């Protein structure tokens with residue numbers, strides 16, 4: 001079989017709240033194919049569930065190697081080394097272990113606080129009758145939750161939102177703007193770590209900064225940047241995508257079910273529908289889906305395609321809470337499984353429950369095909385989500 005010409009990214013958008021339509025044919029005909037990235041460099045695109053899971057879980061595919069000077073360029077601006085999502089084990093393991101140990105107990109008790117923060121926003125929204133749910137709810141809620149977790153002052157939260165949006169290319173910033181935002185974010189994190197070492201509070205930065213000599217200011221700054229960027233943007237995308245999925249598949253349940261874990265997981269599976277791709281670089285020659293990936297090549301995996309793979313999920317485009325196979329890849333897989341996953345689940349469950357309770361009759365204010373997804377970000381989500389109630 002002849003190899004097709006490389007596809008050009010980003011791919012054409014699919015139907016409302018669904019991945020690009022070409023993924024179905026790619027899974028069947030060319031599950032590992034060549035693509036040309038927005039930078040002009042070539043990469044491999046992987047679309048089947050089992051192949052995506054293999055790449056994400058195989059240590060022969062590296063995140064850190066993407067930063068090498070000779071690596072094909074994925075984006076404008078270079079991510080700094082030392083962040084959780086730009087390192088490999090053992091450096092990554094040390095950072096992740098510290099962060100998880102401090103983050104998990106805080107996340108477990110965060111649900112009621114998230115619900116209260118959501119209610120504070122909905123107190124102002126409910127009487128209005130219409131809004132852009134991304135700008136008026138998903139973004140401010142995510143920033144308040146992350147701000148509370150890190151102990152960031154209200155005055156600094158707008159700056160953090162700008163840094164996160166710029167670093168992840170949500171805002172379409174230039175390479176120089178991305179680099180400047182990264183430098184400012186890391187410098188702020190270092191100053192914050194020093195301040196909390198001198199005067200600790202009851203927040204995650206203080207807990208990280210006060211671990212004695214086990215972790216230096218630079219490492220704390222990198223972890224703060226990781227939590228901010230991955231936590232904030234993951235939560236915004238999770239809430240916006242979940243609401244869009246529910247509104248295009250019958251609406252939010254009212255009342256919200258008491259046992260909603262299966263519904264939340266199914267919404268997360270279907271909520272990976274954009275063209276955001278996770279990237280790795282092959283350290284050695286590796287065979288994926290019958291195709292030999294040469295060492296040094298970049299591999300992009302589509303969790304959106306994997307989560308709709310009919311070979312793994314029965315009737316994959318339907319919302320079916322309680323389906324027997326729920327091992328979706330919305331938060332990735334392997335050592336780089338999203339560190340903000342637990343936080344996103346807590347916020348998503350609390351957000352959807354409060355939206356169902358406070359905004360009965362919630363519906364789209366535009367036709368589903370008019371909802372525009374951003375494509376320049378690590379997390380695909382609606383640019384805006386106009387709704388009425």
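In this note's numbering, the protein residues as written are 1 to 389.
We put the beta carbon where it would ideally sit given N, CA and C, even for glycine.
These figures come from a predicted structure and were not determined experimentally.
Supposed contact pair residue j and residue i - C-beta distance, whole angstroms, cut 8 Å
i, j, result
"residue 302", "residue 23", "6 Å"
"residue 275", "residue 20", "6 Å"
"residue 223", "residue 208", "6 Å"
"residue 284", "residue 295", "5 Å"
"residue 247", "residue 364", "5 Å"
"residue 167", "residue 182", "6 Å"
"residue 356", "residue 254", "5 Å"
"residue 233", "residue 379", "5 Å"
"residue 346", "residue 111", "5 Å"
"residue 151", "residue 100", "So it is not a contact: roughly 19 Å between Cβ atoms."
"residue 126", "residue 359", "6 Å"
"residue 238", "residue 273", "Not a contact, Cβ separation roughly 12 Å."
"residue 81", "residue 67", "6 Å"
"residue 244", "residue 12", "Contact flag wrong, Cβ pair sits at about 19 Å."
"residue 382", "residue 134", "6 Å"
"residue 231", "residue 343", "5 Å"
"residue 75", "residue 329", "Between residue 329 and residue 75 the Cβ distance is about 21 Å, and since that is not below 8 Å, they are no contact."
"residue 62", "residue 88", "5 Å"
"residue 121", "residue 141", "6 Å"
"residue 193", "residue 221", "6 Å"
"residue 371", "residue 348", "Their Cβ separation, rounded to whole angstroms, is 19 Å, which puts residue 371 and residue 348 out of contact at 8 Å."
Unbroken beta strand (DSSP E) run spanning residue i, endpoints
i, result
"residue 130", "130-132"
Residues sharing a beta bridge with residue i, DSSP
i, result
"residue 33", "45"
"residue 388", "130, 363"
"residue 61", "282"
"residue 8", "36"
"residue 398", "Past the boundaries of the shown model lies residue 398; the chain is included only from 1 to 389, so the question cannot be answered."
Which listed residue (the options) has its alpha carbon closest to that of residue i
i, options, result
"residue 59", "344, 321, 332, 280", "280"
"residue 179", "193, 164, 191", "164"
"residue 35", "44, 28, 27", "44"
"residue 315", "266, 341, 344", "266"
"residue 57", "333, 354, 345, 361", "333"
"residue 361", "251, 384, 372, 304", "251"
"residue 65", "85, 184, 221, 323", "85"
"residue 25", "10, 17, 46", "46"
"residue 320", "257, 381, 368, 249", "249"
"residue 39", "72, 162, 257", "72"
"residue 263", "220, 293, 228, 318", "318"
"residue 389", "37, 130, 119, 53", "130"
"residue 298", "55, 15, 29", "55"
"residue 268", "28, 307, 228", "307"
"residue 83", "229, 387, 41", "229"
"residue 113", "354, 374, 6", "354"
"residue 236", "159, 105, 340, 221", "340"
Limits of the unbroken alpha helix (DSSP H) element including residue i
i, result
"residue 353", "341-358"
"residue 85", "Where residue 85 is concerned, there is no enclosing alpha helix (DSSP H), given that its DSSP letter is neither H nor E."
"residue 92", "91-108"
"residue 165", "154-167"
"residue 146", "139-150"
"residue 116", "111-125"
To test your reading of the DSSP string, which unbroken beta strand (DSSP E) runs of 3 or more residues are found completely within the region 242-323?
278-282, 286-288, 291-293, 298-301
Hey, which unbroken runs of the alpha helix (DSSP H) at 4 residues or more fall wholly within the region 186-221?
204-209
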